[in-house]
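Undergrad: Please see the structure below; I have some questions.
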Amino acid sequence: MTPARGMANWAQFGHFHLGVYSLLLPMKALVSSLQSDSAVRVVVFRSLVPGVFCAGADLKERAEMNQSESDLFVHSLRSLMTEIALLPMPTVAAVDGFALGGGLELALACDLRTAAFSAQMGLIETTRGLLPGAGGSQRLPRAVGFALAKELIFTGKKVDGQRAVEIGLVNRATEQSPDGDAAYKEALILAREILPQAPIAVRMAKEAMNRGMEVDITSGMAIERMCYARVIPTKDRQEGMAAFLEKRPPRYIGE
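In mature numbering (1 follows the signal peptide of the UniProt record, and there is no 0), the protein residues as written are -33 to -1, 1 to 222.
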């Protein structure tokens, strides 16, 4: 579904209790299709299940898996989260309810997150004899800091949307609406603030930051230079300069 030009909205993929493989395979296919889709400028992940963004894997289903099946499932889930994180355009998770375990890992794989104050988020795997296995142990420290991430993972503690914005787990939080979609509406506001900007520049900025975070600052500067060089010859860069000189809004085409 596309509620606004250039924005993909994944409402149908917000809940893992649908049979893991029946969900993961089509979601993986859609993520793969977005990798080369230059028309999509922002992707919003939400849920149509009231009160639940994504409650994680079905533990009853997991309990019936042998060790090999469990390893394959977690590997598939980790791979999907990595593919989401590597999408070239900005991604926003709209957390309007519970985001637990793999649900929070899905939100963490996105670039930006919005939440209702009433939302509940947590990597609760240690309360079930597990640890975060789909990127949570790596992405949560990068989002909230090392010490706080350890506390949240060691204790399996959940935080609400208000606390989440205070610790930097989400970008924006708001009171829940009567329709239960306040975080989604906030995500659309955020997405529409991104949409008017030059799409290639936004994608290159994402690449520069994501890759730069994994290396020393000298190497990061080299990555920034490379990304900057890819923007210079674009029509959008020329349009941005012309619009500034002519004192008018720019009209970016993604070229």
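Beta carbons are placed, not taken as given, at the ideal position from N, Cα and C, and that holds for glycine.
Just how far apart, CA to CA, sit Glu206 and Lys214?
TA: Straight-line Cα distance between these residues: approximately 12 angstroms.
Undergrad: Where does Asp38 sit, in a helix, a strand or coil, going by DSSP?
TA: Here Asp38 sits in helix by DSSP.
Undergrad: Quick one: Cα of Lys125 to Cα of Met88, how far?
TA: Looking at the two C-alpha atoms, the distance is approximately 5 angstroms.
Undergrad: Let's test the definition: count the other Cβ atoms within 10 Å of the Cβ of Leu47 and tell me whether it reaches 16, buried, or not, exposed.
TA: Buried.
Undergrad: Run the CB neighbour count on Thr201, radius 10 Å, all protein chains shown included, and call it buried at 16 or more, exposed below.
TA: So Thr201 counts as buried.
Undergrad: Identify which residue in Asn177, Gly128 and Ala168 has its Cα closest to the Cα of Gly221.
TA: Comparing Cα positions, the closest option is Ala168.
Undergrad: Residue range of the beta strand (DSSP E) that Arg192 falls in?
TA: First-last for Arg192: Ile184 to Val198, but that is the alpha helix (DSSP H), not the beta strand (DSSP E).
Undergrad: Once DSSP output is grouped into helix, strand and coil, what is the label at Asp203?
TA: Correct three-state label for Asp203: helix.
Undergrad: In this structure, how does DSSP classify Thr(-32) when only helix, strand and coil are distinguished?
TA: Because the pLDDT at Thr(-32) is just 34, under 50, the model does not fix this residue reliably, and the value given afterwards should be weighed accordingly. It is coil, neither helix nor strand.
Undergrad: Where Tyr219 and Arg204 are concerned, what is the direct C-alpha to C-alpha distance, given to the nearest angstrom?
TA: Roughly 9 angstroms between the two C-alpha positions.
Undergrad: How would you label Phe121, buried or exposed, when you count the other beta carbons within 10 angstroms and need 16 or more for buried?
TA: Phe121 comes out exposed.
Undergrad: In whole angstroms, what is the alpha-carbon distance linking Met171 and Leu162?
TA: Straight-line Cα distance between these residues: approximately 15 angstroms.
Undergrad: State the Cα-Cα distance for the pair Val19 and Asp183, rounded to the nearest angstrom.
TA: So the alpha carbons of these two residues sit roughly 38 angstroms apart.
Undergrad: Rounding to the nearest angstrom, what Cα-Cα distance links Arg80 and Ala6 in this structure?
TA: Rounded to whole angstroms, Arg80 to Ala6 spans 22 angstroms at the Cα level.
Undergrad: Let's test the definition: count the other Cβ atoms within 10 Å of the Cβ of Pro99 and tell me whether it reaches 16, buried, or not, exposed.
TA: Buried.
Undergrad: May I ask which residues mark the beginning and end of the alpha helix (DSSP H) holding Leu71?
TA: Looking at the DSSP string, the run of the alpha helix (DSSP H) that includes Leu71 is Gly69 to Ala76.
Undergrad: Quick one: measure Cβ to Cβ for Arg8 and Met56, integer angstroms, because I've assumed they're closer than 8 angstroms.
TA: About 6 angstroms; that satisfies the 8 angstroms criterion.
Undergrad: Whole angstroms are fine: how far does the CA of Ser3 sit from the CA of Gly208?
TA: It should be noted that the sequence gives Met, not Gly, for residue 208. Rounded to the nearest angstrom, the two C-alpha atoms are 27 angstroms apart.
Undergrad: Let me know the secondary structure DSSP gives Met32 once reduced to three states.
TA: Three-state result, Met32: coil.
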